[in-house]
Amino acid sequence: MMEEDEDTGGNNSTYEIDLGNLTVEDTEDEPVSTISTNGVAPQDEPPLILEEVTSPVPLVTPTQATKLMAQVQDSHMAINFKFEEKVFTNGQKPPLICGSCQKEGHCKADCREDELPPLVRLPPMNNHFLNQLTAIFEQLTKDFEPSVEEIEERDRIVSDLEAYIKQFFSGVQLKLFGSSANGFGFQRSDLDICLTFKGNPEGKDIDHIQIIEALADKLKRYRQCNHVFAITTAKVPIVKFAIRRACLEGDLSLYNTLALQNTKLLATYANIDHRVKCLGYAMKYFAKLCDIGDASRGSLSSYAYILMVLHFLQQVKPPVIPVLQELYDHSKAAPEYMIDGWNAWFFREAKGKTLAQHWKDYGKNRDSVGQLWVSMLRYYTETFNCRGHVVTIRQ
Ligand SMILES: [Zn+2]
15 MMEEDEDTGG NNSTYEIDLG NLTVEDTEDE PVSTISTNGV APQDEPPLIL EEVTSPVPLV
75 TPTQATKLMA QVQDSHMAIN FKFEEKVFTN GQKPPLICGS CQKEGHCKAD CREDELPPLV
135 RLPPMNNHFL NQLTAIFEQL TKDFEPSVEE IEERDRIVSD LEAYIKQFFS GVQLKLFGSS
195 ANGFGFQRSD LDICLTFKGN PEGKDIDHIQ IIEALADKLK RYRQCNHVFA ITTAKVPIVK
255 FAIRRACLEG DLSLYNTLAL QNTKLLATYA NIDHRVKCLG YAMKYFAKLC DIGDASRGSL
315 SSYAYILMVL HFLQQVKPPV IPVLQELYDH SKAAPEYMID GWNAWFFREA KGKTLAQHWK
375 DYGKNRDSVG QLWVSMLRYY TETFNCRGHV VTIRQ
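Take 15 as the starting number for the sequence shown in this note's numbering and just add one per residue.
Shown next, in the form of C-alpha cells:
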C-alpha cells in the first residue's frame, strides 16, 4: 500500500496531464514549448521538447511518458490529464465488422447476406404439370449423359494410356474417378485419372513429385497426348494433358484413393434407381442455368449439388435411396474400410446379397421424377435450415 501511494503521488499535489493538448502550466515562466526539468534531470538526458509530443494525434511512447512523469514530479509544473474518449480516439469509432459477411457497418444479427427473397407460393401442382416435368427431366438426362460409345471410348483411352505407362512403370493401374465415372457426368467432361501401383494399395514409400515429373516426361512422347505439363506445387501433384483424337482434357494424379471410393459410392447411388440419375442431372443443369454452379466463383461445386440430391432422396418419406454407409447388421460391429483415416465402407451388392434383401424400404417410394423435384425444392426452401442443418449422406 505504501508503495502504491508513492507511485500515484499520494497526497502530494495532483498532476493533470491533458494528452490531447499536453499543456504545461509553468509556474516559473519557462517557455511553454519546452518541458523544463529545472535542472533536476541528469545532464545526459536532454529535456523532452514539447513539440515532439504535440502531434495532431497525441501519441506518447512509454519512454516519453516515463520521462515526462519524472520531470513532472520534480518540477512545480501542473500537467492536466484529460481522460476523455475523444482524446484517445481522435473522434474515431472502431469499425463495426459483420461476423458473417465481413463487411463494415452492421453486425451479424442484422446481416442481410443470407436473407432469402420472399418465397412465392407455388400453384398446386396438378398431374399435367408433374408429368411434363418428369418428361423434361427424362429428356434432359438423355441429352446430357455420355452415350455408351463415349463411355467405351473413355475406357479405351484409359486402358491404352495404362498400357503405355506400364512400359516404364511396372504394376501401374489407372482408374477414372470424379464426374466422368460417378454416374452424374456430362458429355465430354474431363478425364480424372488416378494412378496406383499393384501390390501397394496405400502408396507407401512413393515420391509423388518425382513420379509425376517422370510421368509428364513420358507422356510428352506419347503420340495420343499433347499439351502435357506437370503441376508439382499443388497440394495434389498432377500431370495435365489432352487426348489429341478425342479432344478431351485429363488430369493424372497418384493415390487419390478417397476420391476413387467417393466416385464408387456416388455411382452406386446413381445405379439404385433411375430417378436418382435424373434428379442429379436436373440439379446440375439447374445450377448451371442459374449461374450458381461454379465453385471457383464461390458457388457450391457440382459435387455438392449431387450430395444435396442424395441427402434429399434419403430423408424423403418413404426414402428413394438408403444410407449405404449404415446398411449393415447393427447387432455386430460396424464394418470398416479405412482410407486416409476415414471409414469409407459402404454397402455393395454382391452375389446373393441384394439391396432388396438388406433394405426394408426398397421400392416403397413410387413418386415420379417431377413430384420428387418439386418436393426437393420445397425441402431446401422451406424445411431445411441453412444456418442450423448440414447436408450429409452418412446418417
Ligand atoms: Zn453481414
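Glycine included, every Cβ here is placed at the ideal spot set by N, Cα and C.
Just to confirm, are residue i and residue j a CB contact at a threshold of 8 Å?
i, j, result
"LEU217", "THR210", "The question names Leu, yet the displayed sequence has Gly at residue 217. Result yes, Cβ atoms of GLY217 and THR210 sit closer than 8 Å."
"LEU144", "GLY384", "yes"
"LEU266", "ARG202", "no"
"LEU229", "LEU205", "no"
"LEU154", "ALA296", "yes"
"HIS120", "LEU110", "yes"
"PRO333", "ASN379", "yes"
"LEU279", "LEU321", "no"
"PRO251", "ILE223", "yes"
"LYS96", "CYS112", "no"
"GLN238", "ASP174", "yes"
"ILE171", "ALA273", "no"
"THR148", "SER345", "no"
"THR271", "ILE150", "no"
Does residue i come out as helix, strand or coil in the three-state DSSP assignment?
i, result
"ILE49", "A caution first: ILE49 carries a pLDDT of 41, below 50, which makes its placement in the model unreliable, though a value can still be read off. ILE49 falls in the coil class under three-state DSSP."
"SER267", "strand"
"ALA347", "coil"
"ASN104", "coil"
"ASP96", "The sequence given here has Lys at residue 96, not Asp. Coil."
"GLN116", "coil"
"THR282", "helix"
"TYR393", "helix"
"THR210", "strand"
"LEU327", "helix"
"ALA364", "strand"
"LEU82", "helix"
"TRP356", "strand"
"GLU66", "Caution applies to GLU66, whose pLDDT of 49 falls short of 50 and renders its modelled position unreliable; the value that the coordinates give is listed next. GLU66: helix per DSSP, three-state reduction."
"LEU205", "strand"
"LEU262", "strand"
"ILE320", "helix"
Taking only the alpha-carbon atoms, compute the straight-line gap between residue i and residue j and give it to the nearest angstrom.
i, j, result
"SER193", "THR277", "8 Å"
"PHE326", "SER316", "15 Å"
"ASP287", "HIS372", "16 Å"
"GLU159", "ILE257", "20 Å"
"PHE398", "SER389", "12 Å"
"LYS254", "ILE226", "10 Å"
"TYR299", "LEU73", "60 Å"
"ASP343", "THR395", "35 Å"
"GLU164", "ARG408", "32 Å"
"GLN187", "LEU133", "51 Å"
"VAL290", "LYS156", "14 Å"
"CYS304", "THR406", "24 Å"
"ILE207", "PHE243", "15 Å"
"ARG401", "GLU176", "46 Å"
"GLY294", "ASN240", "33 Å"
"ASN285", "LEU268", "27 Å"
"THR368", "LEU324", "20 Å"
"LEU314", "TYR376", "30 Å"
"CYS292", "TRP359", "26 Å"
"CYS125", "VAL404", "21 Å"
"TRP356", "GLN106", "51 Å"
"VAL46", "GLU99", "For VAL46, the predicted model reports a pLDDT of 39, less than 50, meaning its position is unreliable; a value from the coordinates is still stated below. Straight-line Cα distance between these residues: approximately 26 Å."
"ILE49", "GLN85", "A caution first: ILE49 carries a pLDDT of 41, below 50, which makes its placement in the model unreliable, though a value can still be read off. Looking at the two C-alpha atoms, the distance is approximately 8 Å."
"PRO349", "LYS365", "18 Å"
"LEU363", "GLU340", "Checking the sequence shown, residue 363 turns out to be Glu, not Leu. Those two C-alpha atoms are separated by around 14 Å."
"GLU166", "TYR236", "21 Å"
"GLN264", "ILE179", "Reading off the sequence, residue 264 comes out as Gly, not Gln. Going by the C-alpha atoms only, they are around 15 Å apart."
"LEU386", "ALA318", "18 Å"
"SER184", "GLY213", "11 Å"
"GLY53", "THR77", "Confidence at GLY53 is low in this model, with a pLDDT of 38, below 50, so its placement is unreliable and no value can be given for it."
Identify the continuous beta strand (DSSP E) that holds residue i and give its terminal residues.
i, result
"ALA256", "252-257"
"PHE191", "186-191"
Specify, as a first and last residue, the run of the alpha helix (DSSP H) that residue i falls within.
i, result
"PHE243", "Here PHE243 belongs to no alpha helix (DSSP H); instead the beta strand (DSSP E) covers 239-245."
"ASP169", "162-180"
"LEU303", "288-303"
"PHE198", "First-last for PHE198: undefined, no H or E at that position."
"ILE220", "Segment: none, ILE220 is in no alpha helix (DSSP H) and carries neither H nor E."
"PHE151", "141-158"
"HIS372", "369-372"
I want to check one thing, is the minimum distance from the CB of residue i to the heavy atoms of ligand 2 below 7 Å?
i, result
"SER173", "For the structure depicted, ligand 2 is absent and the ligand set comprises only ligand 1."
Q) At a cut of 8 Å, does the stretch 226-244 reach the stretch 132-144 through at least three beta carbon pairs? A) no
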